[in-house]
Amino acid sequence: MARSIKATRQGLKEANSLVDSLKELVWTDLKKHYNGFEEMIDSRLKESEETILDASKAKLAIVAGISVMLKDFEKAQRRFSRSNDVEELREFLTELSGRIRQLRETNLKVVDSLHAVLNHNLTSIEVVEKFASDLQRSAGTWERNGREIDEAILELCDENEPTELVDLENYVSKQGFSSLLHSTSYSSSDEDD
(Lines of atoms letter the chains of each structure in order from A and count residues from 1; the text may use other names and numbers.)
(Lines give C-alpha, C1' and ligand atoms only; values in the text may rest on other atoms or scores of the structure.)
Protein backbone atom coordinates (compact mmCIF):
# COMPACT_ATOMS: atom_id res chain seq x y z
CA MET A 1 0.00 0.00 0.00
CA ALA A 2 1.27 3.47 -0.84
CA ARG A 3 2.37 5.66 2.04
CA SER A 4 0.04 8.55 2.79
CA ILE A 5 1.24 12.15 2.42
CA LYS A 6 0.81 12.60 6.16
CA ALA A 7 2.93 9.50 6.91
CA THR A 8 5.54 10.63 4.37
CA ARG A 9 5.70 14.09 5.92
CA GLN A 10 6.02 12.51 9.37
CA GLY A 11 8.85 10.29 8.07
CA LEU A 12 10.60 13.33 6.56
CA LYS A 13 10.13 15.20 9.84
CA GLU A 14 11.78 12.30 11.70
CA ALA A 15 14.62 12.24 9.13
CA ASN A 16 15.10 16.00 9.60
CA SER A 17 15.16 15.44 13.35
CA LEU A 18 17.91 12.84 12.86
CA VAL A 19 19.86 15.31 10.71
CA ASP A 20 19.51 18.04 13.34
CA SER A 21 20.56 15.59 16.04
CA LEU A 22 23.65 14.56 14.03
CA LYS A 23 24.62 18.19 13.38
CA GLU A 24 24.29 18.95 17.09
CA LEU A 25 26.34 15.86 18.02
CA VAL A 26 29.12 16.75 15.56
CA TRP A 27 29.17 20.37 16.77
CA THR A 28 29.22 19.30 20.43
CA ASP A 29 32.01 16.78 19.81
CA LEU A 30 34.03 19.30 17.80
CA LYS A 31 33.70 21.93 20.54
CA LYS A 32 34.58 19.41 23.26
CA HIS A 33 37.61 18.04 21.42
CA TYR A 34 38.72 21.48 20.29
CA ASN A 35 38.49 22.82 23.85
CA GLY A 36 40.57 19.87 25.07
CA PHE A 37 43.07 20.43 22.25
CA GLU A 38 43.26 24.14 23.01
CA GLU A 39 43.87 23.51 26.72
CA MET A 40 46.58 20.93 26.02
CA ILE A 41 48.41 23.01 23.39
CA ASP A 42 48.21 26.18 25.53
CA SER A 43 49.38 24.23 28.55
CA ARG A 44 52.28 22.85 26.52
CA LEU A 45 53.57 26.36 25.88
CA LYS A 46 52.63 27.91 29.24
CA GLU A 47 54.35 25.16 31.22
CA SER A 48 57.45 25.61 29.07
CA GLU A 49 57.40 29.40 28.91
CA GLU A 50 58.83 30.18 32.35
CA THR A 51 61.51 27.51 32.09
CA ILE A 52 62.59 28.74 28.65
CA LEU A 53 62.74 32.37 29.86
CA ASP A 54 64.69 31.35 32.97
CA ALA A 55 67.07 29.30 30.82
CA SER A 56 67.59 32.24 28.49
CA LYS A 57 68.35 34.56 31.44
CA ALA A 58 70.71 31.98 32.93
CA LYS A 59 72.58 31.59 29.62
CA LEU A 60 72.97 35.38 29.39
CA ALA A 61 74.26 35.42 32.99
CA ILE A 62 76.73 32.65 32.15
CA VAL A 63 77.98 34.57 29.12
CA ALA A 64 78.27 37.75 31.23
CA GLY A 65 80.15 35.76 33.88
CA ILE A 66 82.53 34.41 31.26
CA SER A 67 83.15 37.93 29.99
CA VAL A 68 84.01 39.11 33.54
CA MET A 69 86.25 36.07 34.08
CA LEU A 70 88.11 36.77 30.82
CA LYS A 71 88.79 40.34 31.94
CA ASP A 72 89.91 39.06 35.36
CA PHE A 73 92.17 36.52 33.66
CA GLU A 74 93.72 39.20 31.42
CA LYS A 75 94.38 41.37 34.53
CA ALA A 76 95.93 38.40 36.33
CA GLN A 77 98.17 37.74 33.32
CA ARG A 78 99.30 41.38 33.24
CA ARG A 79 100.01 41.31 37.00
CA PHE A 80 101.95 38.07 36.59
CA SER A 81 103.98 39.48 33.69
CA ARG A 82 104.98 42.40 35.97
CA SER A 83 105.48 40.50 39.22
CA ASN A 84 106.24 36.92 38.14
CA ASP A 85 104.44 35.84 41.32
CA VAL A 86 103.59 32.22 40.49
CA GLU A 87 101.77 31.68 43.77
CA GLU A 88 99.42 34.63 43.12
CA LEU A 89 98.72 33.33 39.61
CA ARG A 90 98.12 29.80 40.93
CA GLU A 91 95.71 31.15 43.55
CA PHE A 92 93.86 33.14 40.89
CA LEU A 93 93.67 30.13 38.53
CA THR A 94 92.32 27.94 41.36
CA GLU A 95 89.63 30.54 42.05
CA LEU A 96 88.94 30.86 38.31
CA SER A 97 88.63 27.08 38.03
CA GLY A 98 86.02 27.08 40.82
CA ARG A 99 84.06 29.84 39.08
CA ILE A 100 84.20 27.94 35.77
CA ARG A 101 82.95 24.79 37.56
CA GLN A 102 80.03 26.81 39.00
CA LEU A 103 79.16 28.09 35.52
CA ARG A 104 79.25 24.53 34.17
CA GLU A 105 76.95 23.33 36.97
CA THR A 106 74.58 26.22 36.29
CA ASN A 107 74.65 25.40 32.59
CA LEU A 108 73.89 21.71 33.35
CA LYS A 109 70.88 22.78 35.45
CA VAL A 110 69.68 24.93 32.56
CA VAL A 111 70.13 22.03 30.13
CA ASP A 112 68.25 19.69 32.51
CA SER A 113 65.37 22.17 32.78
CA LEU A 114 65.23 22.44 28.98
CA HIS A 115 65.24 18.64 28.68
CA ALA A 116 62.20 18.58 30.96
CA VAL A 117 60.51 21.02 28.55
CA LEU A 118 61.50 18.99 25.50
CA ASN A 119 60.48 15.68 27.09
CA HIS A 120 57.14 16.96 28.37
CA ASN A 121 54.26 14.51 28.96
CA LEU A 122 52.74 15.41 25.61
CA THR A 123 54.68 17.10 22.84
CA SER A 124 52.84 19.48 20.54
CA ILE A 125 52.82 16.78 17.86
CA GLU A 126 51.29 14.30 20.32
CA VAL A 127 48.65 16.88 21.28
CA VAL A 128 47.69 17.21 17.60
CA GLU A 129 47.71 13.41 17.16
CA LYS A 130 45.46 13.00 20.22
CA PHE A 131 43.05 15.62 18.85
CA ALA A 132 42.91 13.84 15.47
CA SER A 133 42.44 10.48 17.19
CA ASP A 134 39.60 11.84 19.35
CA LEU A 135 37.90 13.22 16.24
CA GLN A 136 38.36 9.86 14.50
CA ARG A 137 36.64 8.04 17.38
CA SER A 138 33.78 10.55 17.35
CA ALA A 139 33.49 10.19 13.58
CA GLY A 140 32.55 6.53 14.12
CA THR A 141 29.47 7.67 16.05
CA TRP A 142 28.74 10.30 13.42
CA GLU A 143 28.87 7.62 10.70
CA ARG A 144 26.40 5.43 12.62
CA ASN A 145 24.01 8.36 12.90
CA GLY A 146 24.53 9.11 9.20
CA ARG A 147 23.56 5.52 8.42
CA GLU A 148 20.34 5.96 10.42
CA ILE A 149 19.52 9.02 8.31
CA ASP A 150 20.19 7.10 5.08
CA GLU A 151 18.02 4.24 6.33
CA ALA A 152 15.20 6.68 7.13
CA ILE A 153 15.48 8.19 3.63
CA LEU A 154 15.62 4.73 2.06
CA GLU A 155 12.46 3.77 3.92
CA LEU A 156 10.74 6.88 2.58
CA CYS A 157 11.87 6.14 -0.99
CA ASP A 158 9.58 3.18 -1.69
CA GLU A 159 10.44 2.04 -5.22
CA ASN A 160 7.91 -0.79 -5.18
CA GLU A 161 4.80 -0.31 -7.25
CA PRO A 162 1.69 0.20 -5.20
CA THR A 163 -0.09 -3.03 -4.30
CA GLU A 164 -3.27 -1.38 -5.52
CA LEU A 165 -1.83 -1.35 -9.08
CA VAL A 166 -1.05 -5.06 -8.88
CA ASP A 167 -4.51 -5.70 -7.43
CA LEU A 168 -6.11 -3.71 -10.29
CA GLU A 169 -4.18 -5.67 -12.94
CA ASN A 170 -5.17 -8.95 -11.27
CA TYR A 171 -8.80 -7.86 -11.12
CA VAL A 172 -8.82 -6.87 -14.84
CA SER A 173 -7.09 -10.14 -15.71
CA LYS A 174 -9.69 -12.17 -13.76
CA GLN A 175 -12.38 -10.40 -15.73
CA GLY A 176 -10.81 -11.83 -18.88
CA PHE A 177 -9.11 -8.72 -20.19
CA SER A 178 -5.47 -9.73 -19.52
CA SER A 179 -4.65 -10.03 -23.26
CA LEU A 180 -5.84 -6.46 -23.73
CA LEU A 181 -3.62 -5.29 -20.86
CA HIS A 182 -0.57 -7.05 -22.34
CA SER A 183 -1.14 -5.67 -25.83
CA THR A 184 -1.51 -2.15 -24.37
CA SER A 185 1.76 -2.49 -22.44
CA TYR A 186 3.56 -3.73 -25.62
CA SER A 187 2.21 -0.93 -27.76
CA SER A 188 3.23 1.70 -25.17
CA SER A 189 6.75 0.18 -24.99
CA ASP A 190 6.90 0.21 -28.83
CA GLU A 191 6.01 3.89 -28.75
CA ASP A 192 8.87 4.49 -26.31
CA ASP A 193 11.32 2.98 -28.86
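First residue of the sequence shown: 1, per our numbering; consecutive thereafter.
Glycine is no exception: its CB is placed at the ideal position from the N, C-alpha and C atoms.
Computed from a prediction, not measured in an experiment: that's the story for all the values here.
Expected contact under 8 Å - CB spacing of W142 and L22 to nearest Å: 7 Å
When you compare the region 51-61 with the region 104-114, are there three or more beta-carbon pairs, one atom per stretch, that lie closer than 8 Å? Cβ pair count under 8 Å is three or more, so yes.
Reduced DSSP category for H120 - H, G, I as helix; E, B as strand; rest coil: coil
For V127, does the count of other Cβ atoms within 10 angstroms reach 16, so buried, or fall short, so exposed? V127 comes out buried.
L118 beta carbon less than 9 Å from that of M40: no
Specify the secondary structure class of N84 as computed by DSSP and reduced to three states. coil
Range covered by the alpha helix (DSSP H) that runs through E164: Taken as a continuous stretch (DSSP letters only), the alpha helix (DSSP H) holding E164 covers T163 to V172.
When you compare each of F73, R78 and S81 to E95 by their alpha carbons, which one comes out closest? F73
Return helix, strand or coil for S178, following the three-state DSSP convention. helix
Between the Cα of L70 and those of L93, A116, S48 and S4, spot the shortest distance and give me the residue it belongs to. In terms of Cα proximity to L70, the closest of L93, A116, S48 and S4 is L93.
Alpha carbon to alpha carbon, how far is V63 from D85? 29 Å
Less than 8 Å between C-beta atoms, sequence neighbours within five positions excluded: which residues of the same chain meet that for A152? G11, E14, A15 and L18
Using 8 Å for Cβ pairs, my map puts L103 next to I52. What's the rounded Cβ distance? That pair is no contact at about 20 Å.
Quick one: what does DSSP say E159 is sitting in, helix, strand or coil? E159 falls in the coil class under three-state DSSP.
Which of helix, strand or coil DSSP assigns to S4: coil
Check whether the Cβ atoms of E87 and A76 sit closer than 9 Å, and answer yes or no. no
Considering Cα atoms alone, identify which of D20, K6, I5 and T8 is closest to G146. D20
Quick check on this structure: which residue in L135, R82, A7 and K6 has the alpha carbon closest to the alpha carbon of N35? L135
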